[in-house]
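Input: a single structure, listed below in structure tokens.
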Amino acid sequence: MKTPLTRVEILSIYKVHGERVLLPERMALAPPDVREAIRGLAGDLRKAGGRLILSDLFRSHDMQLQAHLDWKSGKKKAYSPPPGGSMHEAGRAFDLSLRDLRIPLAEFWEMAERRGVFPIIGAPDRRKSEAWHFDCPGSHRRVADYYRAGRGDNMPPYKAMAVSAILAIGVRVDAFGDNQDAARLQASLIRLGYELGNIDGRIGRRTREAMEQAEIDIREPALAVARAEDLLQQRFAGEYRESSPMEEDLFDFLVPPHVLA
Ligand SMILES: [Zn+2]
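Residue numbering for the sequence shown is 3 to 263, as defined by our numbering.
Structural data, given as structure tokens:
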């Protein structure tokens, strides 16, 4: 199966009648492991006296395009890449309210790392642009590491990671044209630890060799993608798990009742 997107109930910077409301539904989507990381982090931060308040999480292809156009026109100050390069498009990045953290940013970075959540800037300086942006890459981090090690070279490591995460939820990456399945298969094989050169949407000799090593039938591309996803689901179960009753209890605890009304 594809990586599912699940609803994330988290307070946002947005207010209605002076009260903070949950992050709007169209943005409040993330894979299950990200949802758990956000909930865990919200709890950790609350214990430390702060609050995790988000301004952004998931962006659809069109929302990402709009963010990019707004940056180009000067309406939005912080850079937004065109669709196909942002972890927001996979529900694997969020932007938070720095003001509500109420703990030093460096301390939050450590807290976040324990939950598999990483900053995008190099040093914990809250005045820097994108100090508010955090990624929760899960197994897609392996794709960034793979490119960083020089095993792929047709895009920067961070972009390759984003491409992998976007394809995994079944969203189109324009750069691969009609070869979405092939690109998704290649990214999946890299996450499983195989080597095949670049994610380029073309099934060449090296991709075929990687499929053979993974014991994936190479005759039917659509079936091959499904098979690779089965293997991923076994290996990274948390990224595919739907919510459990225990999590629903936590949900009641996290959200003040008036917010739900
Ligand atoms: Zn962001």
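We put the CB at the ideal spot given by N, CA and C, even for glycine.
Nearest-angstrom beta carbon gap, residue j and residue i [assumed within contact, 8 Å]
i, j, result
"E231", "S166", "Their Cβ separation, rounded to whole angstroms, is 13 Å, which puts E231 and S166 out of contact at 8 Å."
"L98", "W73", "About 20 Å separates the two Cβ atoms, so there is no contact after all."
"A241", "I168", "For the record, residue 241 in the displayed sequence is Glu; it is not Ala. So it is not a contact: roughly 14 Å between Cβ atoms."
"N156", "D127", "About 32 Å separates the two Cβ atoms, so there is no contact after all."
"Y196", "A185", "In fact, because the Cβ distance is near 15 Å, the residues do not count as touching under 8 Å."
"R229", "I218", "5 Å"
Beta carbon of residue i nearer than 8 Å to that of residue j
i, j, result
"L31", "V10", "yes"
"L234", "R193", "yes"
"S82", "S88", "yes"
"I205", "E214", "no"
"L43", "A114", "yes"
"D102", "I55", "yes"
"T209", "Q182", "no"
"A125", "V145", "no"
Nearest neighbour of residue i, chosen from the options [CA to CA]
i, options, result
"K130", "R61, L194, A80", "A80"
"R28", "R186, T8, E244, L47", "T8"
"L67", "G51, F60, P84", "P84"
"A58", "A50, L13, G45, G42", "In the sequence under discussion, the amino acid at residue 58 is Asp, which differs from the Ala named in the question. With distances taken between Cα atoms, D58 lies closest to L13."
"P33", "A50, P26, I171", "I171"
"P106", "A50, K4, F238", "A50"
"G86", "R104, D64, Q188", "D64"
"F120", "Y160, L24, R104", "Y160"
"G140", "V36, L25, V23, I15", "V36"
"F136", "A95, E244, A125, E38", "A95"
Short CB-CB distance (under 8 Å) between residue i and chain D
i, result
"S190", "Of the protein chains in the structure, only one exists, and it is not chain D."
Which full runs of the alpha helix (DSSP H) of 4+ residues lie inside the segment 52–93, going along the chain? Segments of the alpha helix (DSSP H) lying fully in the segment 52–93: 63–75.
Using the beta-carbon of each residue, find all residues closer than 6 Å to any heavy atom of ligand 1 and list them in chain order. Here the list is D58, H90, A95, D97, H135.
Ignoring anything shorter than 4 residues, give me the alpha helix (DSSP H) runs that lie fully in the segment 134–195, in order along the chain. The alpha helix (DSSP H) runs of length 4 or more contained entirely in the segment 134–195 are, from start to end of the chain, 143–150, 159–170, 182–193.
Just list the alpha helix (DSSP H) runs in the segment 87–132, keeping only unbroken ones of 4 residues or longer that don't cross its boundaries, in chain order. Scanning the segment 87–132 for uninterrupted alpha helix (DSSP H) segments of 4 residues or longer gives 100–103, 107–115, listed from N- to C-terminal end.
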